[in-house]
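S.K.:
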Amino acid sequence: MLGAVIVSAAVGLVEPAAWRGLWDTDRVEFTIAAVTTAGVVAVGVLEAIIFAAGLSIIDVVRRSAQPHDAVLGWVERLGRWADVSVNPSARVVPGIVVYRLDDRLFFANQSYVKARVREAIRGAPSPPHDLVLDAEGMTHVDSAGLDALGDLCDDLARNCVTLRIARMKTHVRDELEEAGIGERIGRDRFHPTVRAAVSASADG
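Counted the way the working numbering counts, the sequence shown spans residues 35 to 238.
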């Protein structure tokens, strides 16, 4: 009898409109919410919440494993560098690839990022001599990410491509310096803006 009362109360709290909105917005989050709701009824609140927290952590890692990134070009009407895939008028500087990563660089995505950089190099309209990494969105780099940056620098150098880094946050730059990656890249190849990095690349 008590179980029936609890289920009845829980059903009363469910708003179909909210569930439809969640389904339309993010079906993975909808699935987590549905599993949590079923878990509350089947095994209890605490167990269901712990399980849902685990699913959420897995989902975060899954999303970060393939982070948002973009090749950038200069868009005159916007007055800034922007994603060339959504801005057909973006001007790409010959010989320079500007690549932006909008996430931390860590163990779950470092292989993906290196592959994406190589893809950007291969897809450049002219053979590049410089790669500018817009690092503003990189809020953290773990040990695997540091190794990936060092490997990327060496791989690019073997192909006569110089790695330059723009807009990197101070604490992330400090992590690179402590690991010796800053020296491998070259301290004169860190720039405050993408424009400054591109200008330095163009000047040779």
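Glycine included, every Cβ here is placed at the ideal spot set by N, Cα and C.
1. Name the DSSP beta bridge partners of residue 197, please?
2. For residue 40 and residue 166, what's the separation of their Cα atoms in angstroms?
3. Out of 153, 197, 228, 204, which one is the CA nearest neighbour of residue 218?
4. To which residues of the same chain is residue 159 closer than 8 angstroms at the C-beta, ignoring the five residues directly before and after it?
5. Quick one, which of 119, 100, 103, 102 has its alpha-carbon nearest residue 109's?
6. Report the three-state DSSP secondary structure of residue 116 (helix, strand or coil).
7. Go through the stretch 119–179 residue by residue and report every complete run of the alpha helix (DSSP H) that reaches 4 residues or more, in order.
8. So, for residue 236: in the same chain, excluding its five sequence neighbours on each side, which residues have a beta-carbon less than 6 angstroms away from its beta-carbon?
9. Go ahead and label residue 122 buried or exposed: buried means 16 or more other beta carbons lie within 10 angstroms of its beta carbon, across all protein chains shown.
10. Round the Cβ separation of residue 213 and residue 225 to the nearest angstrom and send it over; I've been treating them as touching at under 8 angstroms.
11. Alpha carbon to alpha carbon, how far is residue 171 from residue 144? Give it in angstroms, no decimals.
12. Quick check: what's the CA-CA separation for residue 133 versus residue 194?
13. Based on the DSSP output, what are the partners of residue 231 in its beta bridges?
14. Enumerate in chain order the residues of its own chain whose CB-to-CB distance from residue 187 is below 7 angstroms, with the five nearest sequence positions on each side excluded.
M.R.: Put simply:
1. 165
2. Reliability of the predicted coordinates at residue 40 is poor, the pLDDT of 46 falling under 50, and no value is obtained from them.
3. 197
4. 126, 128
5. 119
6. strand
7. 144–156
8. none
9. exposed
10. So it is not a contact: roughly 20 angstroms between Cβ atoms.
11. 15 angstroms
12. 17 angstroms
13. Residue 231 pairs with nothing; no bridge assigned.
14. 197, 218, 219
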